[in-house]
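Notes follow once the structure below has been shown.
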Amino acid sequence: MRETWALRIAALTALAVVLLAALFARVQRGERPGSPGPSPPPAADAALVEAGRRVYDREDCAACHSIAGAGNPRSPLDRAGARHDQEALRRWILGDGEAASALPRRVAHAKEEYRQLPAEDLDALVAYLRSAAGG
1 MRETWALRIA
11 ALTALAVVLL
21 AALFARVQRG
31 ERPGSPGPSP
41 PPAADAALVE
51 AGRRVYDRED
61 CAACHSIAGA
71 GNPRSPLDRA
81 GARHDQEALR
91 RWILGDGEAA
101 SALPRRVAHA
111 KEEYRQLPAE
121 DLDALVAYLR
131 SAAGG
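Position one of the sequence shown corresponds to residue 1 (our numbering), numbered consecutively onward.
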């Protein structure tokens, strides 16, 4: 009798752990429980997205960030395009506005060099993040 109850309690505990892990994963991805999830970012011009990927590679963004498991896993950009609009992504890239106060000083200082990027490179990088890391 005790073994039966112990097995039931263990099974219920395992189920609770799995459900809590799934809920935690949704929260980490920026989804609210009970919501249908964020809307996908708008489709971007394929040439602009490819140019953004090249900027991402050239600027070695993967040294600090990852997309789809490639790069530094400490700061993943997966679903960043679904969580942030174009202006917010631009502020995070440049370490401007609200992002400046949310980032550690060392990181905000390192992002200052991205303010020298030409506007077309910054637009392409944002388009890439909205497409590659957005869905």
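Where is the CB? At the ideal position from N, CA and C, for every residue including glycine.
Specify the secondary structure class of residue i as computed by DSSP and reduced to three states.
| i | result |
| --- | --- |
| S75 | coil |
| A68 | coil |
| L23 | helix |
| D121 | helix |
| P38 | Confidence at P38 is low in this model, with a pLDDT of 48, below 50, so its placement is unreliable and the value that follows should be read with caution. Note: P38 maps to coil in three-state DSSP. |
| H109 | helix |
| L129 | helix |
| G97 | helix |
| E59 | coil |
Once the 5 residues before and after residue i are set aside, which same chain residues still bring their CB inside 7 Å of it?
| i | result |
| --- | --- |
| A100 | A108 |
| L125 | G52, V55, Y56, I93 |
Here's the rule: buried if 16 or more other CB atoms are within 10 angstroms of the residue's CB, otherwise exposed. What is residue i?
| i | result |
| --- | --- |
| G52 | buried |
| R130 | buried |
| A127 | buried |
| R79 | buried |
Should residue i be listed as close to the ligand MG, given that the test is whether its C-beta is under 7 Å from any heavy atom?
| i | result |
| --- | --- |
| R53 | In terms of ligand content, the structure shown is empty, and the ligand MG therefore cannot be addressed. |
CB residue i to CB residue j, shorter than 8 Å?
| i | j | result |
| --- | --- | --- |
| L48 | H65 | no |
| A62 | G71 | yes |
| E103 | G95 | Here the sequence assigns Leu to residue 103, which means Glu is not the residue at that position. Closer than 8 Å, so yes. |
If you compare alpha carbons, which of the options is closest to residue i?
| i | options | result |
| --- | --- | --- |
| A112 | I93, A102, T4 | Note on identity: in this sequence residue 112 is Glu, with Ala being the wrong assignment. With distances taken between Cα atoms, E112 lies closest to I93. |
| R90 | R74, L117, R106 | L117 |
| E120 | A14, E50, R79 | E50 |
Less than 8 Å between C-beta atoms, sequence neighbours within five positions excluded: which residues of the same chain meet that for residue i?
| i | result |
| --- | --- |
| P73 | S66 |
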